[in-house]
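Residue numbering for the sequence shown follows the numbering used here, beginning at 4 and increasing consecutively.
C-beta: ideal position from N, C-alpha, C; glycine also.
Below: the structure, in structure tokens.
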Amino acid sequence: MRFQALATDYDGTIARDGVVDDATIVALERLRASGRRLIMVTGRELDDLIRVCPRLDLFDLVVAENGAVLYDPTDKLEAVLSGGPSLELVNRLTAAGVPDISVGRSIIALWKPNEVEALEAIRDLGLELHIVFNKEAVMILPSAVNKATGLAEALKRLDLDELDVVGVGDAENDHSFISACGYRVAVANAIPSLKEVVDLVTEGARGEGVQQLVDRMIEEEDQLVSAQRRRTG
């Protein structure tokens, strides 16, 4: 077994409108039964993820809040990997009338087109934060936090190397963790900039594409290894 784990985004990758369909669940169960590890890497806040995804038990570890939180579904323990959200910034954005602000363990989330207001507030307050996009979502995090840093911590705990991991996603915030993986995949509905830098674009979108990827990992892994060697050789 060359690739020992699959690291996958949630929304737009295994889930459509926040829901993972039955066929994708079966594919993920099949991957686990093959002896491989399964890691979720998502921008969602942990409480929200627990609410919408009843099958977190399929995952060895969950990286939530775009790399800021690590969660073990087996023992339900969580670790915050960065500092908490800036309440000063939250208050500033609220006073400015920015709607639909969500605050997690570390993340501050809002929606386009309010990123300009957020950037100005970060600058005016002198905060060391950065903005990450996930299609229409806008996420504000400590400057050193992204999906790649969260995945690195998860792999450390699972005693896995990044080169032994297949990464799959669909959006801007998936670039960092997918680039770190040994084999890089975008589902068919992914943004063009992600499709340009991966080893494989699935024929199917969202869960269907992940099902196809699982089939290849289990039944045609030698083809993935050959593609990896061409890229790194």
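Residue from the options with nearest C-alpha to residue i
i      : options                           : result
Glu91  : Leu130, Met220, Val29 and Asp63   : Leu130
Glu211 : Val55, Gly86, Ala155 and Ala191   : Ala191
Leu41  : Glu118, Val169 and Ala98          : Val169
Arg240 : Glu156, Leu161 and Ala151         : This structure leaves residue 240 out entirely; the chain is present only between 4 and 236.
Gly70  : Ile28, Lys198, Asp164 and Gly107  : Gly107
Val171 : Ser146, Leu163 and Val201         : Val201
Ala10  : Thr45, Arg33 and Asp24            : Thr45
Leu197 : Ala99, Lys159, Thr16 and Glu68    : Thr16
Met142 : Asp167, Gly185 and Leu122         : Leu122
Ser89  : Pro57, Pro76, Ala124 and Thr27    : Ala124
Gln167 : Lys159, Gly185, Arg160 and Met220 : The identity of residue 167 in the sequence shown is Asp, whereas the question assumes Gln. Checked all of Lys159, Gly185, Arg160 and Met220; the closest Cα to Asp167 is Gly185.
Beta-bridge pairing of residue i - partner residues as DSSP gives them
i      : result
Leu64  : Ile42
Glu81  : Tyr74
His133 : Leu144
Arg19  : Val22
Ala8   : Arg40 and Val168
Ala112 : Ser105 and Met142
Val204 : Ala189
Per-residue DSSP class, three states only, for residue i
i      : result
Met142 : strand
Asn69  : helix
Ser196 : helix
Ser105 : strand
Leu216 : helix
Arg209 : helix
Leu96  : helix
Ala30  : helix
Asp14  : strand
Where residue i falls, given that 16 or more other Cβ within 10 Å makes a residue buried
i      : result
Lys115 : exposed
Thr235 : Low per-residue confidence applies at Thr235: pLDDT is 49, beneath 50, and the placement is therefore not dependable, though the value from the model is reported in the following sentence. Exposed.
Gly47  : For clarity, residue 47 is Arg in the given sequence; the question names Gly instead. The residue is buried, with at least 16 neighbouring Cβ atoms inside 10 Å.
Arg209 : buried
Gln214 : buried
Met4   : exposed
Ser37  : exposed
Pro145 : buried
Asp14  : buried
Exercise for review: Flag this pair as touching only if the region 131-150 and the region 172-183 have three or more C-beta atom pairs under 8 angstroms; answer yes or no.
Suggested key: The region 131-150 vs the region 172-183: in contact.
Check your understanding: Counting Cβ pairs, one atom from each stretch, are 3 or more of them under 8 angstroms apart for the region 153-166 and the region 67-84?
Key -> Yes, since at least three Cβ pairs between the region 153-166 and the region 67-84 fall closer than 8 angstroms, the two stretches touch.
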